[in-house]
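From first to last, the protein sequence lines are chains A and B.
Residues 29 to 344 in our numbering are what the first sequence spells out, letter by letter.
Residues 4 to 218 in our numbering are what the second sequence spells out, letter by letter.
Where a beta carbon is used, it is the ideal one built from N, C-alpha and C, also for glycine.
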Amino acid sequence: MEMIRTEQLMKKYQKNKQVGPVSVTVEEGALYTIIGAKNSGKSTVLNMLADITVPTGGDTFLFAEKGAFQSVKNSVGMLPADPGFYEDYTPVKQLQFFSRISGVKADKNRIHKVLDAVGLGDVKKVRTGRLLPAQKRRLGLAQAIIHDPVLILLDEPTAGLNERDRTDVRKMIEQWHEAGKTIVMTTDDLEEAEALSTHLAVMHEGSVAVEGSLAELKQRFASSFSVKMKLSSEMSQYEHRKIEEALTLLNKSEERDGRYLTVHVASEEEIPKVLMVFLSNNVKIYEVTVRQDSLSDVFEGGLPYESTDETPTRAT
Amino acid sequence: MINVFLRELNGLLWQFQSILIIGLAAGLTYLSETYSDLYPQLPFNGFALIMSVFGFLVVLTVSHDALNSEAAARTFRLVVIRIPRAAIFGGKLLAHAGYWLIMLIVAVGVTGFFTAPGLTGSTTMHVSLLFFSISTAFFLSALIKRPLTSKRVSVLAGILLPAAVIWSYAADNWLHAVSPYHMYIYDSILAVIIPLFYGAVLLSAAYVLFERSDL
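Shown next, in the form of structure tokens:
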């Protein structure tokens, strides 16, 4: 089932700044990540879906109904970027209020269960104004799921958190996804996006530059492999030079780190050819690790903004 | 809507300003009635005078941030993802209207206890002026994003409008005749239509602005 579809969704700001037009589709059960640098427009897209930002053009279809957000709000949960809480409320009261206005009467057990799940079990009765920023982020996640929505929108859920909190939040997102929720999130961390997502959309200067399932994007951009070898410590300069020459002939790049040498190849078929170069030169190999490059490896110099039809350039 | 209404009303009622407003209304009405002989040129005095000169200012000062404070604090973000904007606007409006009605009733009661003759002007007139004042506050709150700016503009507007009407009455030009204070000046119950009309226009504009604003 189609959970979200946007058609030419757009927000025009003053001074010629614009986000969109954005046309994307999110299927049921997907963990769809919108990734992009700061001010690329990813939060604006999410906010337009959630009625926080009013679009200046285009259409939104939620649960296959055009502009149906008002009627489906109870099925959607959202963590906006830097949300404001009622500082005089405790987390328990906060969740009571938000579940009430969602039209769901969450009992105390449910509220306590959700607060425990997001790691706020110890501060249930502390005023929200006294919570730490990371605890507020956790409370934001709690309010997003208190009414058990089927679609969850998360705007930079791990931004500004320390490593422990980031790991916790990622685990929560994975659990919700495994429980069948459809999740749309934004992030500027490609590694995080790749680890969690089933689908990715890369935004640049207000537009979607690249979109597709993680498998499609990997096939398109990250079909290369890294072959990491542990070589003899007694290799002579002559042997080194011969290897370099042979790899240059094969048009392969290499990285050296002490005894380790990594060679990048474009396809699986090229791995034996590379190994043959070493063996035919009588170079002893003590260890070989072959790894398919991740999107993070491929785009470490920048996301693929230029064109949806261009593959990123990288010597292999 | 009911939850937004209850939270807002609760927040308004349990503030020290509530007691201050009632005390101020009763005290100033008493003073106005006691010293009314000193200002025979004024067309009216007592509670109607206090409502005219201070009512608009006080309502604007308290309700100027009805919409923009939560937008600035980003608390609206967690509300608008759950309920329609119309429900938020309606809840806020009902809460402020309810609060000022309670203030009016208590102020009239307290004033009547101390100085019964001071209760000049009809309740309909006071309510219609309240409606106009609340609508103006909502309009400014929807128009101006920053609460501090809306507070400054509200104080300015709250002083300038009554001052302009007083000047207009003294100068005998047409401005006071089309002002929301016409009903008090000419003791005309029919003229309640003027503040009601202005109020309806401003409230509609406030709603349109709120519907179109990013939260």
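Does the CB of residue i have a neighbour CB from chain B at under 8 Å?
i	result
Pro-119 (chain A)	no
Val-104 (chain A)	yes
Pro-83 (chain A)	no
Asp-79 (chain A)	yes
Lys-101 (chain A)	yes
Asp-196 (chain A)	no
Asp-87 (chain A)	no
Asp-217 (chain A)	no
Pro-108 (chain A)	yes
Thr-341 (chain A)	A caution first: Thr-341 (chain A) carries a pLDDT of 34, below 50, which makes its placement in the model too unreliable to give a value.
Asp-337 (chain A)	Caution applies to Asp-337 (chain A), whose pLDDT of 42 falls short of 50 and renders its modelled position unreliable; the value that the coordinates give is listed next. No, its Cβ sits nowhere closer than 8 Å to a Cβ of chain B.
If you draw a straight line from the C-alpha of residue i to the C-alpha of residue j, how long is it?
i	j	result
Gln-46 (chain A)	Asn-102 (chain A)	30 Å
Ser-127 (chain A)	Gly-93 (chain B)	19 Å
Val-311 (chain A)	Val-73 (chain A)	54 Å
Ala-28 (chain B)	Lys-154 (chain B)	21 Å
Ser-136 (chain B)	Val-236 (chain A)	47 Å
Lys-209 (chain A)	Met-106 (chain A)	12 Å
Leu-242 (chain A)	Thr-34 (chain A)	20 Å
Val-156 (chain B)	Gly-147 (chain A)	44 Å
Val-54 (chain A)	Phe-91 (chain A)	10 Å
Leu-228 (chain A)	Ile-86 (chain B)	29 Å
Arg-284 (chain A)	Thr-290 (chain A)	6 Å
Leu-213 (chain B)	Phe-116 (chain B)	According to the sequence as given, residue 213 (chain B) is Phe; it is not Leu. The straight-line gap from Cα to Cα measures roughly 41 Å.
Ala-58 (chain A)	Arg-198 (chain A)	15 Å
Gly-143 (chain B)	Leu-12 (chain B)	The question names Gly, but residue 143 (chain B) is Leu in the sequence shown. Leu-143 (chain B) and Leu-12 (chain B): Cα-Cα distance of roughly 20 Å.
Lys-153 (chain A)	Val-120 (chain A)	7 Å
Val-82 (chain A)	Tyr-38 (chain B)	54 Å
Leu-59 (chain B)	Ile-5 (chain B)	The amino acid at residue 59 (chain B) is misidentified as Leu; the sequence shows Phe. Each residue's alpha carbon lies about 27 Å from the other.
Pro-183 (chain B)	Leu-206 (chain B)	15 Å
Trp-345 (chain A)	Pro-177 (chain A)	Nothing can be reported for residue 345 (chain A), as the shown portion of chain A is limited to 29 through 344.
Gly-48 (chain A)	Asp-79 (chain A)	16 Å
Ala-180 (chain B)	Leu-34 (chain B)	27 Å
Leu-63 (chain B)	Tyr-102 (chain B)	13 Å
Glu-220 (chain A)	Arg-158 (chain A)	29 Å
Gly-286 (chain A)	Leu-182 (chain A)	43 Å
Tyr-314 (chain A)	Leu-259 (chain A)	6 Å
Ile-108 (chain B)	Leu-52 (chain B)	17 Å
Met-263 (chain A)	Lys-301 (chain A)	20 Å
Leu-31 (chain B)	Ala-89 (chain B)	38 Å
Phe-50 (chain B)	Tyr-210 (chain B)	31 Å
Taking only beta-carbon atoms, is residue i less than 8 Å away from chain A?
i	result
Thr-78 (chain B)	yes
Asn-71 (chain B)	no
Asp-68 (chain B)	no
Asn-6 (chain B)	yes
Leu-218 (chain B)	yes
Val-156 (chain B)	no
Leu-212 (chain B)	no
Arg-149 (chain B)	no
Leu-146 (chain B)	no
Ser-207 (chain B)	no
Leu-81 (chain B)	yes
Between residue i and residue j, which are expected to be in contact by the criterion C-beta below 8 Å, what is the C-beta distance as a whole number of angstroms?
i	j	result
Thr-84 (chain A)	Lys-39 (chain A)	6 Å
Met-231 (chain A)	Gly-64 (chain A)	3 Å
Pro-150 (chain B)	Ser-72 (chain B)	5 Å
Glu-267 (chain A)	Leu-275 (chain A)	That belief does not hold up - the Cβ atoms of Glu-267 (chain A) and Leu-275 (chain A) are roughly 13 Å apart, past 8 Å.
Val-255 (chain A)	Val-293 (chain A)	6 Å
His-138 (chain B)	Gly-202 (chain B)	Here residue 138 (chain B) turns out to be Ser, not His, going by the sequence shown. So it is a contact: roughly 4 Å between Cβ atoms.
Ala-174 (chain B)	His-185 (chain B)	Actually they do not touch by this definition, with Cβ atoms about 16 Å apart.
Val-83 (chain B)	Leu-218 (chain B)	5 Å
Tyr-91 (chain B)	Val-7 (chain B)	What sits at residue 91 (chain B) in the sequence shown is Ile, not Tyr. Between Val-7 (chain B) and Ile-91 (chain B) the Cβ distance is about 6 Å, and since that is below 8 Å, they are a contact.
Lys-95 (chain B)	Leu-133 (chain B)	About 15 Å; that fails the 8 Å criterion.
Thr-114 (chain B)	Gly-112 (chain A)	Not really, about 39 Å apart at Cβ, beyond 8 Å.
Val-104 (chain A)	Leu-179 (chain A)	5 Å
Using a Cβ-based criterion (distance less than 7 Å to any ligand heavy atom), does residue i qualify as near the ligand ADP?
i	result
Leu-179 (chain A)	In terms of ligand content, the structure shown is empty, and the ligand ADP therefore cannot be addressed.
Examine chain E for any beta-carbon lying closer than 8 Å to the beta-carbon of residue i, and answer yes or no.
i	result
Val-154 (chain A)	The structure shown contains no chain E; its protein chains are A and B.
*asked:* Which runs of the alpha helix (DSSP H) at least 4 residues long sit entirely within the segment 65-96 of chain B? Give them in chain order.
replied: 71-75, 79-83
*If contact means a Cβ-Cβ distance below 7 Å, which residues of the segment 112-136 of chain A contact chain B?*
Gly-112, Phe-113, Tyr-114, Phe-125, Phe-126, Arg-128, Ile-129, Ser-130
_At 3 residues or longer, what runs of the beta strand (DSSP E) sit wholly inside the segment 101-179 of chain A?_
104-107
*Could you list the residues in the segment 85-102 of chain B with a C-beta less than 8 Å from some C-beta on chain A, going in chain order?*
Residues Arg-85, Ile-86, Pro-87, Arg-88.
*Kindly provide the ranges of any beta strand (DSSP E) runs that are 3 or more residues long and lie completely inside the segment 169-207 of chain B, ordered along the chain.*
none
*Which residues, in chain order, does the segment 163-175 of chain A contribute to contact with chain B at a C-beta distance below 9 Å?*
Residues Gly-168, Gln-171, Ala-172, His-175.
*In chain order, what residues of the segment 6-37 of chain B put their CB closer than 8 Å to some CB of chain A?*
Hits within the stretch, in order: Asn-6, Val-7, Arg-10.
*Could I get the ranges of all uninterrupted beta strand (DSSP E) runs contained in the segment 211-259 of chain A, with 3 residues as the minimum, in chain order?*
At a cut-off of 3 residues, the continuous stretches assigned as beta strand (DSSP E) that sit fully inside the segment 211-259 of chain A are 227-232, 235-241, 253-259.
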